[in-house]
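The listed protein sequences derive, respectively, from chains X and G. Going left to right, the first sequence walks through residues 190 to 568 as the numbering used here numbers them. Going left to right, the second sequence walks through residues 190 to 568 as the numbering used here numbers them. We treat Cβ as the ideally placed atom computed from N, Cα and C, and that holds for glycine. To start, the structure itself, in structure tokens.
Number of protein chains: 2
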Amino acid sequence: MAKNLKSSHLPTSTRRSHGDAGEKLKGLADSVAQMAFKQKDPTVDIPIRALSNVEFNEKTRTIEMGGNKQERNFFNYGQAKRFMQTLLVASKCKDLIDADKTASIRQIYYMAKHTIKGTSEKTFDDQAESDPILEDLEVAINSLREELHIFASNRGNLVGPITLVDDGNTLDCARMGSAGYAVPSIVEPDTVQFKKCDAKFVLHVEKDTVWRRFHEDRFWEKHRCIVSHGGGQPARGMRRLLHRLNHELKLPVYVLLDNDPWGYYIYSVIKQGSINLAYESKRMAVPDARFIGVSSFDYDRCGLSDDVKLDLDANDVKRAKQILDYPWFAGKKPWEKEIKKMMSNGFKMEVEAMINKRLTYLTEEYVPMKLGDKKQWLD
Amino acid sequence: MAKNLKSSHLPTSTRRSHGDAGEKLKGLADSVAQMAFKQKDPTVDIPIRALSNVEFNEKTRTIEMGGNKQERNFFNYGQAKRFMQTLLVASKCKDLIDADKTASIRQIYYMAKHTIKGTSEKTFDDQAESDPILEDLEVAINSLREELHIFASNRGNLVGPITLVDDGNTLDCARMGSAGYAVPSIVEPDTVQFKKCDAKFVLHVEKDTVWRRFHEDRFWEKHRCIVSHGGGQPARGMRRLLHRLNHELKLPVYVLLDNDPWGYYIYSVIKQGSINLAYESKRMAVPDARFIGVSSFDYDRCGLSDDVKLDLDANDVKRAKQILDYPWFAGKKPWEKEIKKMMSNGFKMEVEAMINKRLTYLTEEYVPMKLGDKKQWLD
Numbered sequence: 190m191a192k193n194l195k196s197s198h199l200p201t202s203t204r205r206s207h208g209d210a211g212e213k214l215k216g217l218a219d220s221v222a223q224m225a226f227k228q229k230d231p232t233v234d235i236p237i238r239a240l241s242n243v244e245f246n247e248k249t250r251t252i253e254m255g256g257n258k259q260e261r262n263f264f265n266y267g268q269a270k271r272f273m274q275t276l277l278v279a280s281k282c283k284d285l286i287d288a289d290k291t292a293s294i295r296q297i298y299y300m301a302k303h304t305i306k307g308t309s310e311k312t313f314d315d316q317a318e319s320d321p322i323l324e325d326l327e328v329a330i331n332s333l334r335e336e337l338h339i340f341a342s343n344r345g346n347l348v349g350p351i352t353l354v355d356d357g358n359t360l361d362c363a364r365m366g367s368a369g370y371a372v373p374s375i376v377e378p379d380t381v382q383f384k385k386c387d388a389k390f391v392l393h394v395e396k397d398t399v400w401r402r403f404h405e406d407r408f409w410e411k412h413r414c415i416v417s418h419g420g421g422q423p424a425r426g427m428r429r430l431l432h433r434l435n436h437e438l439k440l441p442v443y444v445l446l447d448n449d450p451w452g453y454y455i456y457s458v459i460k461q462g463s464i465n466l467a468y469e470s471k472r473m474a475v476p477d478a479r480f481i482g483v484s485s486f487d488y489d490r491c492g493l494s495d496d497v498k499l500d501l502d503a504n505d506v507k508r509a510k511q512i513l514d515y516p517w518f519a520g521k522k523p524w525e526k527e528i529k530k531m532m533s534n535g536f537k538m539e540v541e542a543m544i545n546k547r548l549t550y551l552t553e554e555y556v557p558m559k560l561g562d563k564k565q566w567l568d
Numbered sequence: 190m191a192k193n194l195k196s197s198h199l200p201t202s203t204r205r206s207h208g209d210a211g212e213k214l215k216g217l218a219d220s221v222a223q224m225a226f227k228q229k230d231p232t233v234d235i236p237i238r239a240l241s242n243v244e245f246n247e248k249t250r251t252i253e254m255g256g257n258k259q260e261r262n263f264f265n266y267g268q269a270k271r272f273m274q275t276l277l278v279a280s281k282c283k284d285l286i287d288a289d290k291t292a293s294i295r296q297i298y299y300m301a302k303h304t305i306k307g308t309s310e311k312t313f314d315d316q317a318e319s320d321p322i323l324e325d326l327e328v329a330i331n332s333l334r335e336e337l338h339i340f341a342s343n344r345g346n347l348v349g350p351i352t353l354v355d356d357g358n359t360l361d362c363a364r365m366g367s368a369g370y371a372v373p374s375i376v377e378p379d380t381v382q383f384k385k386c387d388a389k390f391v392l393h394v395e396k397d398t399v400w401r402r403f404h405e406d407r408f409w410e411k412h413r414c415i416v417s418h419g420g421g422q423p424a425r426g427m428r429r430l431l432h433r434l435n436h437e438l439k440l441p442v443y444v445l446l447d448n449d450p451w452g453y454y455i456y457s458v459i460k461q462g463s464i465n466l467a468y469e470s471k472r473m474a475v476p477d478a479r480f481i482g483v484s485s486f487d488y489d490r491c492g493l494s495d496d497v498k499l500d501l502d503a504n505d506v507k508r509a510k511q512i513l514d515y516p517w518f519a520g521k522k523p524w525e526k527e528i529k530k531m532m533s534n535g536f537k538m539e540v541e542a543m544i545n546k547r548l549t550y551l552t553e554e555y556v557p558m559k560l561g562d563k564k565q566w567l568d
């Protein structure tokens with residue numbers, strides 16, 4: 190029954206992913222040079238990354254950036270330093286792409302930091318200066334960070350009947366040992382290709398300890414699925430991989446998180462993207478993801494004992510109210526009921542608490558029951 | 190040149206690791222039952238886990254627990270609850286062993302939590318009550334947590350020419366993709382076996398971003414070694430694996446950490462164990478580990494620019510002085526020079542800062558130089 194995937198999912202000739210980021214960086218540099226040659230003030234247009242320039246697109250069901258931009262000019266006392274920093278980071282990214290190497294955001298900071306000749310002035314005093322510049326650059330040339338050859342932390346693992354090619358190594362993710370396949374930070378198609386997939390869906394859980402429960406109980410084998418975790422809020426690599434599994438392989442994505450505001454938030458980020466990184470939603474978000482639990486209604490529905498209750502604190506209530514107000518939750522009746530029920534319960538519940546019934550309750554009863562009853566899914 | 194390993198490293202019949210922990214738990218229960226049948230006060234002896242009962246053994250070069258114990262009695266108003274909790278956790282661990290399953294410390298808490306019949310009293314109010322009980326149990330029956338079938342977080346990765354069998358899957362760690370082999374929390378010989386090793390040594394680095402630099406630059410291939418990271422202070426699984434690579438395969442372990450008190454501390458934990466978990470040193474520590482950098486003397490030695498300097502703060506200085514006073518550092522002249530030099534420098538340096546010279550300086554010049562000059566190693 191295994192699905193062998195067609196060649197578009199197979200390795201391409203280049204090892205690192207950069208789309209056409211190298212060309213775009215060159216375009217940016219050319220345009221600045223042109224302005225200088227024409228004796229104009231060299232300028233870079235930077236789209237504005239702020240809540241004021243973010244909106245929820247009802248059609249794509251993702252959080253998107255608006256069209257507002259600001260100019261960053263060289264001949265402006267307040268902008269000259271950031272203008273210089275922008276071009277410096279751009280030039281370091283171009284170096285990485287040309288060398289077919291990648292670097293962390295900290296490594297980019299150290300690469301770009303030096304003393305400006307003839308002064309005692311540093312190009313950067315702190316990584317807090319270079320990180321936002323990197324995000325500016327991403328939006329300015331409309332490239333993902335990964336395409337600029339910048340990596341974040343590796344975090345998250347998965348197990349299940351899918352064969353990948355990662356960095357040239359063919360990996361059967363059903364046979365990767367007790368910690369599973371380590372999801373790298375960069376999973377662009379040039380680095381990670383799907384070779385064969387026999388999974389019917391993806392179950393994404395919050396924590397590695399929950400994930401291990403599912404792996405040990407061979408959930409992925411019995412249900413022919415991929416089980417993944419993000420070690421808390423999923424890092425970019427895991428989000429991008431979920432997006433690719435959903436969009437390219439058409440695998441439904443089900444999400445199992447703690448019944449608390451943090452769980453709702455993680456779901457929201459997986460589903461429609463985050464406010465901070467709104468410009469990446471189209472490459473990261475999984476609008477078809479479904480929340481299968483833990484729901485505020487499960488306490489009664491599953492006959493749980495009060496051993497599973499954790500008191501809501503003032504911060505939880507405040508956060509829950511904020512989430513209710515997000516445009517992508519507001520107006521969705523089932524979500525309003527869910528979040529309000531948590532507040533009226535006065536307690537939250539962790540996925541691991543389901544084990545209070547018995548060790549295998551979570552994997553052999555609770556989740557199969559959830560998957561079998563669409564009415565319990567939240568969209 | 191590959192070394193095929195003899196059968197003692199190959200899979201045994203059981204899937205999970207428990208040594209004879211199941212028998213020991215039964216012995217503990219039998220002894221309590223015997224006392225009850227003889228109408229004596231049921232008692233469990235718990236070795237004391239505190240700084241007062243820890244010492245540095247000059248011969249084994251590890252931090253060890255002393256022989257002081259305290260009784261935990263059933264007929265003692267102040268001890269009855271903890272006595273009950275101890276036996277409850279013990280019984281849940283026995284259940285795990287019998288079922289050939291494992292659980293996280295959070296899962297054990299939820300498994301053992303219930304309302305005591307006829308009262309409104311909970312067996313545990315918080316995981317902060319069950320965690321120390323679990324540690325008590327480990328020392329009381331002299332078994333590792335992993336042998337009680339309890340897992341911690343999966344953290345850390347490695348790459349290099351070694352073939353392992355993990356949970357029945359044969360894994361060539363040189364071909365595990367861009368994030369490498371994910372080191373699980375439990376790496377006892379029943380779960381993880383060494384099948385073939387062509388590595389000459391292990392280079393352990395602190396962070397995954399540094400690790401990725403070494404992986405991408407194919408350091409492990411050029412130098413025929415294993416490169417591992419622990420994602421900060423290494424979790425139990427990584428420490429235990431370093432111990433096994435060193436003790437069973439006789440691979441030298443070199444450690445590369447940031448030049449700051451936290452780096453010194455991580456080295457200390459890898460080398461001689463930690464104070465909190467002193468009873469595990471003999472299974473976790475790597476007394477032959479060598480610190481190869483970053484050293485306080487590298488600033489001048491390597492002609493680094495002041496871009497790499499990070500100011501020491503008051504807390505760093507305080508922590509450095511504490512570390513100087515640890516018996517396992519005190520009296521070691523090279524370490525005293527190293528730590529005092531950091532304080533007189535007035536700055537600390539990160540491994541990633543070496544990239545300020547150029548992207549491949551760290552992997553192609555700095556570390557090869559360090560490995561080639563024993564005089565620069567710290568013991």
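* Per DSSP, I235(X) forms a beta bridge with which residues? -> Q259(X)
* **Per-residue contacts from K290(G) into chain X (C-beta, under 7 Å)** => E405, L548
* Asked: In or out: M190(G) buried (at least 16 other Cβ within 10 Å) or exposed?
  -> With a pLDDT of 48 at M190(G), under the threshold of 50, the predicted position of this residue should be treated as unreliable, though the coordinate-derived value follows. Classification for M190(G): exposed.
* Output the distance between the C-alpha atoms of P523(X) and D397(G), rounded to the nearest integer angstrom. => 41 Å
* Determine, using beta carbons only, whether G369(X) comes closer than 9 Å to chain G. => yes
* To do: Answer with buried or exposed for G307(X), where buried requires no fewer than 16 other C-beta atoms within 10 angstroms of its C-beta.
  => exposed
* K530(G) by DSSP, collapsed to three states: which one? -> Helix, per DSSP.
* Classify E410(G) as helix, strand or coil using the three-state DSSP reduction. => helix
* Asked: For R479(G), which of helix, strand or coil comes out of DSSP?
  -> Strand.
* Beta carbon proximity, L430(G) to chain X, threshold 9 Å -> no
* To do: Using a Cβ cut-off of 9 Å (strictly closer), state whether H393(X) contacts chain G.
  => no
* Between K302(X) and K281(X), what straight-line distance do the alpha-carbon atoms span, to the nearest angstrom? -> 11 Å
* CB-CB under 7 Å to T359(G), same chain, minus the five flanking residues each way: which ones, in chain order? -> T352, K384
* Asked: Using the beta-carbon count (16 or more within 10 Å), is F403(G) buried or exposed?
  -> buried
* Pull up the CB-CB distance for V506(X) and M532(X), whole angstroms please, since I reckon it's below 8 Å. => 6 Å
* Every unbroken beta strand (DSSP E) within the stretch 291-378 of chain G, with a cutoff of 3 residues, ordered by chain -> Complete beta strand (DSSP E) runs here, min 3: 346-348, 351-355, 358-361.
* Exposure of N193(G), with buried meaning 16 or more beta-carbon neighbours within 10 Å -> The residue is exposed, with fewer than 16 neighbouring Cβ atoms inside 10 Å.
* Closest residue to V394(X) among N331(X), Q259(X), Y443(X) (Cα-Cα distance) -> Y443(X)
* **For F536(G), three-class secondary structure by DSSP** => strand
* Please compile the residues from chain G whose C-beta is within a distance smaller than 8 Å of the C-beta of V372(X). => A368
* Compare the C-beta of E541(G) with all C-beta atoms of chain X and state if any pair is closer than 9 Å. => For E541(G), the answer is yes, since a Cβ of chain X falls inside 9 Å of its Cβ.
* Closest to Q274(G) by CA distance: which of T232(G), F245(G), A341(G) is it? -> T232(G)
* Asked: Using the rule of at least 16 other Cβ atoms within 10 Å of the residue's Cβ for burial, across every protein chain shown, is S196(G) buried or exposed?
  -> For S196(G), the predicted structure reports a pLDDT of 43, less than 50, and the residue's modelled location is therefore unreliable. A value from the coordinates is still provided. Counting Cβ neighbours within 10 Å, S196(G) comes out exposed, since fewer than 16 surround it.
* To do: Consider the C-beta atom of M273(G) and the heavy atoms of the ligand NAP; say whether any pair is separated by less than 8 Å.
  => No copy of the ligand NAP appears in this structure; indeed no ligand is present at all.
* Opening and closing residue of the beta strand (DSSP E) in which E253(G) lies -> 251-254
* What residues in its chain sit with their C-beta under 7 Å from that of L430(X), if we drop five residues either side in the sequence? -> Result list for L430(X): V372, V376, in chain order.
* Asked: What is the rounded straight-line gap between the Cα of A225(X) and the Cα of F264(X)?
  -> 11 Å
* Asked: Can at least three beta-carbon pairs, one atom from the stretch 318-330 of chain G and one from the stretch 329-341 of chain X, be found at a separation below 8 Å?
  -> no
* Asked: Smallest Cα separation from K290(G): which of D562(X), L548(X), E554(X)?
  -> Looking at the Cα atoms, L548(X) is the closest of the given residues.
* Asked: In whole angstroms, what separates the C-alpha of Q316(G) from that of L323(G)?
  -> 11 Å
* C-beta neighbour in chain X for V174(G), strict 9 Å -> Since the first residue of chain G shown is 190 and the last is 568, residue 174(G) is not available in this structure.
* Considering only residues of the same chain and omitting the five flanking positions on each side of I464(G), which have a CB-CB separation below 7 Å? -> Taken in chain order, the residues that qualify are L240, V243, I252.
* With L445(X) and I481(X) assumed to form a contact (beta carbons below 8 Å), what rounded beta-carbon distance in angstroms separates them? -> 6 Å
* Applying a beta-carbon distance threshold of less than 9 Å, which residues of chain X neighbour M300(G)? -> Ordered by position in chain X, the residues that pass the 9 Å Cβ test against M300(G) are I544, N545, R547, L548.
* Is the CB of I237(G) under 9 Å away from at least one CB in chain X? -> no
* Just checking my contact of R250(X) with Q461(X) at CB under 8 Å: how many whole Å lie between their CB atoms? -> 6 Å
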